[in-house]
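Colleague:
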Amino acid sequence: MEEIYEEKQQEISYTEDNIRTLDWKEHIRRRPGMYIGKLGDGSHSDDGIYVLLKEAMDNSIDEYMMGYGKTIEVTVVDGKVSVRDHGRGIPLGKVVDVSSKMNTGGKYDSKAFKKSVGLNGVGIKAVNALSSYFKVCSFRDGEMKCAEFEQGNIVVDCPITKTNEDNGTLTEFIPDKSIFKDYQYLKEHIEPLLKNYVFLNSGLTIVFNGKKFHSRNGLVDLLNENMTTDPLYPIIHLKGEDIEVVITHSNQYGEEYYSFVNGQHTTQGGTHLTAFREALGRTIKEYYNKNFDYADIRSGMVGAISIKVEEPVFESQTKTKLGSKDMGPDGPSVSKFIGDFVKKELDNFLHINHETSEIMLQKIQDSEKERKAIAGVTKLARERAKKANLHNRKLRDCRVHLNDTKGKDLEESSIFITEGDSASGSITKSRDVNTQAVFSLRGKPLNSYGLTKKIVYENEEFNLLQAALNIEDGIEGLRYNKVIVATDADVDGMHIRLLLITFFLQFFPDLIKKGHVYILQTPLFRVRNKKKTIYCYNEEERLNAVNELGPNPEITRFKGLGEISPDEFQHFIGKDIRLEQVSLRKNDLVKELLEFYMGKNTMERQNFIIDNLVIEEDKPDIDSDPLD
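Just so you know, we're using my numbering here: the sequence shown kicks off at 2 and counts up by one.
#1: Going by Cα to Cα distance, which pick from Tyr-259, Val-528, Asn-553 and Ala-469 is closest to Glu-541?
#2: Are the CB atoms of Glu-412 and Asn-482 within a distance shorter than 9 Å?
#3: Going by CA-CA distance only, name the one from Glu-226, Gly-516 and Ala-438 that's closest to Asn-197.
#4: Quick check: what's the CA-CA separation for Arg-432 versus His-572?
#5: Judging by CA-CA distance, which residue of Phe-570, Ala-305, Asp-167 and Asn-530 is the nearest neighbour of Gly-551?
#6: Under the three-state reduction of DSSP, which class applies to Ala-490: helix, strand or coil?
#7: Figure out for me which residue from Leu-195, Thr-229 and Pro-313 has the closest Cα to the Cα of Ser-216.
#8: Only counting the same chain, and skipping five residues up and downstream in sequence, which positions put a Cβ closer than 7 Å to that of His-28?
#9: With a cut-off of 8 Å, do at least 3 Cβ pairs link the segment 348 to 363 to the segment 320 to 329?
#10: Could you tell me whether the Cβ atoms of Val-82 and Glu-189 are closer together than 9 Å?
#11: Rounded C-beta distance between Phe-526 and Arg-498? I'm assuming under 8 Å.
#12: Whose C-beta lies closer than 7 Å to the C-beta of Leu-501 among residues of the same chain, with five residues either side of it excluded?
#13: Go through its chain and collect everything with a Cβ distance to Lys-112's Cβ below 7 Å, but skip five positions before and after it.
#14: By a C-beta neighbour count over all protein chains shown, 10 Å radius and 16 as the cutoff for buried, is Asp-177 buried or exposed?
#15: Is it true that the CB of Ile-37 sits closer than 9 Å to the CB of Leu-131?
#16: By Cβ distance, which residues of its chain are closer than 6 Å to Gln-507, with the 5 residues on each side in sequence left out?
#17: Whole angstroms are fine: how far does the CA of Thr-284 sit from the CA of Phe-293?
#18: Near Pro-232, what residues of its chain come up, given a Cβ to Cβ distance below 8 Å and the 5 sequence neighbours on each side ignored?
#19: So, for Gly-270: in the same chain, excluding its five sequence neighbours on each side, which residues have a beta-carbon less than 8 Å away from its beta-carbon?
#20: For the beta strand (DSSP E) containing Asp-86, name the first residue and the last one.
#21: Let's see if you can read the secondary structure: which residues bound the beta strand (DSSP E) around Leu-521?
#22: Tell me which residue opens and which closes the alpha helix (DSSP H) that Ser-260 is part of.
#23: In whole angstroms, what separates the C-alpha of Val-157 from that of Tyr-51?
#24: Can you tell me whether DSSP reads Met-58 as helix, strand or coil?
#25: Where do the N-terminal and C-terminal ends of the alpha helix (DSSP H) with Ile-472 fall, by residue?
#26: With a threshold of 7 Å on Cβ separation, who are the neighbours of Phe-140 within its own chain once the five nearest residues in sequence on each side are excluded?
#27: Under the DSSP definition of a beta bridge, which residues are partnered with Gly-169?
#28: Roughly how many angstroms separate the alpha carbons of Val-335 and Glu-346, rounded to a whole number?
#29: So the beta strand (DSSP E) Lys-240 belongs to, where does it begin and stop?
#30: With distance defined between alpha-carbon atoms, name the residue in Phe-209, Met-228, Asp-331 and Arg-30 nearest to Lys-515.
#31: Taking the alpha carbon of Asn-435 as the reference point, which residue from Val-401, Asn-464, Leu-442 and Gly-451 has its own alpha carbon closest?
#32: Tell me which residue opens and which closes the alpha helix (DSSP H) that Lys-337 is part of.
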């Protein structure tokens, strides 16, 4: 017994040798999530490679905000990023330090950069550490200084030389492929990021791979760019020192807001967005002097707010949520500052612009009327949902939720919406119970196109889904970061996808606009021999697999999710999960698309179906050689 005890003591010894201090590069490379959020491969807008681009951009934007450099050139070719600004340039003697020494920067002195984005002296160092190639050049008053790094280690330290280049800074980097696996920069994610910068900085021009972005009307242009329905009245634009807001209403359900702090897109809101929503509701209610419900006032509201805060505090390094209570060390609270501004400016605007205030009043009254019309149904539905929450037979929940106040991996929380018991059974058995929930549909859900919100409450399935997602009062309380539609890859499965997306577009468009809805890609074929199994998602992958595995492999065609065993399914919903994000942009003409696909069965649609009909034959695989 004593021998075993001594052995254990040796195993778990805790000495000076166990204590290590990681250098700055190693810490960033080992814990990249602390600095840039999730890694990803570039298929999603919040993947780490876009955070690297943003960190490089933020320094250039800060220069512009201080009044230096009206143009920023951005080039992305074959995974290499280049950002050139025309600001003052980094002081030449500090080029290496600001790129490679943690907590080194010009932003600690609030006089030099009063209300900047990059406050903590970390951002560009994280880009350096996570890049296989990183170069920084500063051009300043006819002189230049360049340095090159690999994975944060300096490899070239050029002396200061003469130059004819304009003042400013050039940053180039290639994200490290050993950290960002098989990554790819996508134009559809880069362009919205760059457009936000010009919307927030009127007068700034960003040139991306030769394409110019410029905005004259600031946040008005931002709303016009992002709204997928027409505004009911011209966008109200209010501007003051350190604050800019825009609001309008549209004929859509829910609320939709875009919020920014010091030019940083706070996708998860924060103290400023909470204060903005409260101020809007309170000011409008007081203006009309009627006992309106705040939910009716804000129903269909679309707005954006941008504020500048001195020394802002964000809730994470990725700066997606503002935590600051005050506008600055000596300033008023964020809530008071925004509340006072909205109260004064919006109230004045409504008093002057009677036509707008009339349309707004009508919209609020319509929302109130609809809410009261379904009040009885809503009450019953809520009671039903409450009971279901205790034992929702359709929901197999997970432990981690996006709206948990504390905990880790909150953004990993997801819910699979499946059709039928066999598919949900396979997913339930193979899922990660910590982060993956499953909601099982009975069959094809109701076509909600053109129906009112009453149907959400009357239809048990939709009501339970709404309750499971916790989105009745808006997506602030959303329980899962990813809402994944998991249907068969056949006609029926496609139809169910369309019906679910129609439901979200009709009643919860913000869920799609904020990038929470995905389609699960599942393999169509399994190709294997006695040594290796390859899952193929299309015909091209199947042919490549056949070539790789040699003569006569066994080929299985999956016709439904229920055919895939739980042991196999875990490969498709694990770390290699393939998801296609459902996106919604202005040029998507949502109303017209929904009318065509989900509206009445017009001759136009019938002809479209006939013209595009594909009859798929299942031919037996003659050359298949089943495994023993």
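Heads up, the beta-carbon is just placed ideally off N, CA and C, and yes, glycines get one too. These numbers come from a predicted model, not from an experiment.
Modeller: Inspection of the coordinates gives the following:
#1: Of the candidates Tyr-259, Val-528, Asn-553 and Ala-469, the one whose C-alpha sits nearest the C-alpha of Glu-541 is Val-528.
#2: Yes. Within cutoff.
#3: Considering only Glu-226, Gly-516 and Ala-438, the residue with the shortest C-alpha distance to Asn-197 is Glu-226.
#4: Those two C-alpha atoms are separated by around 10 Å.
#5: Measuring from the Cα of Gly-551, the nearest candidate turns out to be Asn-530.
#6: In the structure shown, Ala-490 falls within a coil segment according to DSSP collapsed to helix, strand and coil.
#7: Of the residues Leu-195, Thr-229 and Pro-313, the one whose Cα lies closest to the Cα of Ser-216 is Leu-195.
#8: For His-28, where only same-chain residues beyond five positions count, there are no Cβ hits under 7 Å.
#9: Segments in contact, no.
#10: Judged by their CB atoms, Val-82 and Glu-189 are not nearer to each other than the 9 Å cut-off.
#11: Not a contact, Cβ separation roughly 20 Å.
#12: The beta carbon of Leu-501 lies closer than 7 Å to those of Ile-418, Pro-446 and Val-486 in the same chain, with the five residues before and after it left out.
#13: Confidence is the limiting factor: at Lys-112 the pLDDT is only 46, short of 50, which leaves the residue's position unreliable, though a coordinate-based value still follows. Excluding sequence neighbours, Lys-112 sits near nothing in its chain.
#14: So Asp-177 counts as buried.
#15: Cβ distance < 9 Å, so Leu-131 and Ile-37 count as in contact.
#16: Here Gln-507 has Ser-449 as same chain residues with Cβ atoms under 6 Å from its own Cβ, once five neighbours each way along the sequence are excluded.
#17: When only Cα atoms are considered, Phe-293 and Thr-284 end up about 11 Å apart.
#18: Within its own chain, the residues whose Cβ lies closer than 8 Å to the Cβ of Pro-232, once the five positions on either side in sequence are excluded, are Leu-224, Thr-249, His-250, Ser-251 and Val-303, listed in chain order.
#19: Correct list, in chain order: Tyr-258, Ser-260, Lys-322, Leu-323 and Glu-477.
#20: Per DSSP, Asp-86 belongs to the beta strand (DSSP E) from 81 to 86.
#21: Where Leu-521 is concerned, the enclosing beta strand (DSSP E) stretches over 518 to 521.
#22: Segment 257 to 262 is the beta strand (DSSP E) holding Ser-260; no alpha helix (DSSP H) there.
#23: Rounded to whole angstroms, the gap between the alpha carbons of Val-157 and Tyr-51 is 26 Å.
#24: Met-58: helix per DSSP, three-state reduction.
#25: Here Ile-472 belongs to no alpha helix (DSSP H), and DSSP marks it neither H nor E.
#26: In its chain, beyond the 5 residues on either side, Gly-90, Thr-164, Glu-166, Asp-167, Asn-168 and Gly-169 have a beta carbon closer than 7 Å to the beta carbon of Phe-140.
#27: Note: Gly-169 sits in a beta bridge opposite Phe-140.
#28: Each residue's CA atom was taken as its position, placing Val-335 and Glu-346 some 17 Å apart.
#29: Lys-240 -> beta strand (DSSP E) spans 237 to 241.
#30: Nearest C-alpha to Lys-515: Met-228.
#31: Ranked by Cα distance from Asn-435, the options Val-401, Asn-464, Leu-442 and Gly-451 are led by Val-401.
#32: Lys-337 -> alpha helix (DSSP H) spans 335 to 353.
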